[in-house]
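Student:
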Amino acid sequence: MSTALVSTNASVLPVPGDNLDHYLQEISRIPILSAEQEKELAVRFREHNDLEAARQLVVSHLRFVVHIARGYAGYGLPLSDLIQEGGIGLMKAVKRFDPSVGVRLVSFAVHWIRAEIHEFILRNWRIVKVATTKAQRKLFFNLRSAKKRLGWLNREEVETVAGDLGVSPETVLEMESRLAGQDLSFDPVAANDDDDAAWTPAAYLTDPAGLDPASEVEKSDWEQQNTRSLHQALQQLDERSRIILEQRWLADHKATLHELADRFGVSAERIRQLEKNAINRLKGLMAA
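Each step along the sequence shown adds one to the number in the numbering used here, with nothing skipped, and position 221 is 202.
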């Protein structure tokens, strides 16, 4: 099967930061690769260094990067930045993906996408949170110079700084604590076997919604594939069977057996039999 599905040229793909809505519309039009197409592209890239194959693998999975990035919107950083960082993780995953292992790229890439987003959040966490109010931003610039002269402030100095800047002593103490904080490595190497790696940011920084991106992306992928298979199978049924299934199961206002019996001029029992036969045939077509 041909893999030339991704017609969108990577060089003209919109950047999320330029126009996020347009970017989301563009990537939603990019077809999702089948397992066979994905494997063929991965083999071409891994064995022949085919950069066009790598590009198609990346662009066909950009919607999953967006799906994962949305789960981290609660950290106060622009979604466009989270998407771009996740895209870097996706490219790293494509570079390391081994199609012979037998897993889909999306399952393998989730770790790399999340890791890049986590790293970005941690790099910017103090920038976002160190000064969030007007008083704190005022303190941020003035307290840094005061601490260079005085070191840790005692109570009298705290009250003096608070009076000079027109803020409360509690605000001064909170900002002093924030300025004294140190950034943590995302995934530090343990100095010895006794170190508790469970307390590294890599272990506890999670999706604020409490969802597992890997499971959510795989579920979304599975649902989309099933929907496509269902519609393709419906088209292979005869017109009467297709109408019965659509009216009984897919319509907003589901028809009764008697309504369909009147429409086709048969008994309600005959409609039930046709419905049952159509469902069995549909299952067979989707399993093929």
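C-beta atoms are modelled at their ideal positions from N, C-alpha and C, and glycine is treated no differently.
Just so you know, these numbers come straight off a predicted model, no measurement behind them.
For T152, is the classification buried or exposed, using 16 other Cβ atoms within 10 angstroms of its Cβ as the cut-off for buried?
Tutor: T152 should be labelled buried.
Student: Would you report the Cα separation of W93 and E204, rounded to the nearest angstrom?
Tutor: 23 Å
Student: Give a yes or no on whether the C-beta atoms belonging to L60 and L1 are separated by under 8 Å.
Tutor: yes
Student: Have a look at R44 and V148 and give me their C-alpha separation to the nearest angstrom.
Tutor: 46 Å
Student: Check whether the stretch 3 to 10 and the stretch 70 to 77 touch, using three or more Cβ-Cβ pairs below 8 Å as the test.
Tutor: no
Student: Using alpha carbons as the reference points, say which of E66, H29, Q213 and R85 lies closest to R51.
Tutor: Measuring from the Cα of R51, the nearest candidate turns out to be E66.
Student: Could you compute how far the alpha carbon of L146 sits from the alpha carbon of G57?
Tutor: 27 Å
Student: Report buried or exposed for E220, applying the criterion of at least 16 other Cβ atoms within 10 angstroms of its Cβ.
Tutor: exposed
Student: Out of W230, K257, L241 and V24, which has the shortest C-alpha to C-alpha gap to G83?
Tutor: V24
Student: Is the beta carbon of R85 less than 8 Å from the beta carbon of E33?
Tutor: no
Student: Under the assumption that A249 contacts H234 (Cβ atoms under 8 Å), give the Cβ distance between them as a whole number of angstroms.
Tutor: Not quite, the Cβ-Cβ distance comes to about 18 Å (not below 8 Å), so this is no contact.
Student: Exposed or buried, which one is M156 when buried takes at least 16 other CB atoms within 10 Å?
Tutor: buried
Student: For L22, which residues in the same chain have their Cβ closer than 6 Å to its Cβ, ignoring the five residues on either side in sequence?
Tutor: T(-16), A34, Q37 and L38
Student: Please list the terminal residues of the continuous alpha helix (DSSP H) segment that includes S9.
Tutor: L1 to S9
Student: Quick check on this structure: which residue in E100, I13 and R253 has the alpha carbon closest to the alpha carbon of Y53?
Tutor: E100
Student: Return the chain-ordered list of same chain residues with a C-beta closer than 6 Å to the C-beta of I69, the five sequence neighbours on each side being excluded.
Tutor: E97
Student: Residue range of the alpha helix (DSSP H) that R136 falls in?
Tutor: R136 to L146 is the span of the alpha helix (DSSP H), which, as asked, contains R136.
Student: Relative to the alpha-carbon of P80, which residue among H42, R27, L266 and R95 has its alpha-carbon at the smallest distance?
Tutor: R27
Student: With a Cβ-Cβ cutoff of 8 Å, do L263 and A214 count as a contact?
Tutor: yes
Student: Here's the rule I'm using: 16 or more other beta-carbon atoms within 10 Å means buried, otherwise exposed. How should F245 be labelled?
Tutor: exposed
Student: Taking L226 as the reference, give the member of L63, K257 and F89 with the closest Cα.
Tutor: K257
Student: In terms of alpha-carbon separation, which member of E140, Q228 and H42 lies closest to A236?
Tutor: Q228
Student: Starting from R77, follow the alpha helix (DSSP H) in both directions and report where the run begins and ends.
Tutor: L60 to R77
Student: For a quick check, are the C-beta atoms of I64 and S41 less than 8 Å apart?
Tutor: no
Student: What distance in whole Å lies between the Cβ atoms of I49 and R10, which are believed to be in contact at a cut-off of 8 Å?
Tutor: Not confirmed; about 20 Å, so no contact.
Student: Suppose you measure from the CA of V87 to the CA of D243; what does that come to, to the nearest Å?
Tutor: The C-alpha of V87 lies about 49 Å from the C-alpha of D243.
Student: Taking 7 Å as the limit between beta carbons, can you name the residues of its chain near L211, skipping five residues before and five after?
Tutor: M267
Student: Excluding sequence positions up to five away, which residues of its chain have a Cβ less than 7 Å from the Cβ of L241?
Tutor: Cβ-Cβ distances below 7 Å link L241 to I225, Q228 and I252 in the same chain, with the five nearest sequence neighbours on each side left out; the list follows chain order.
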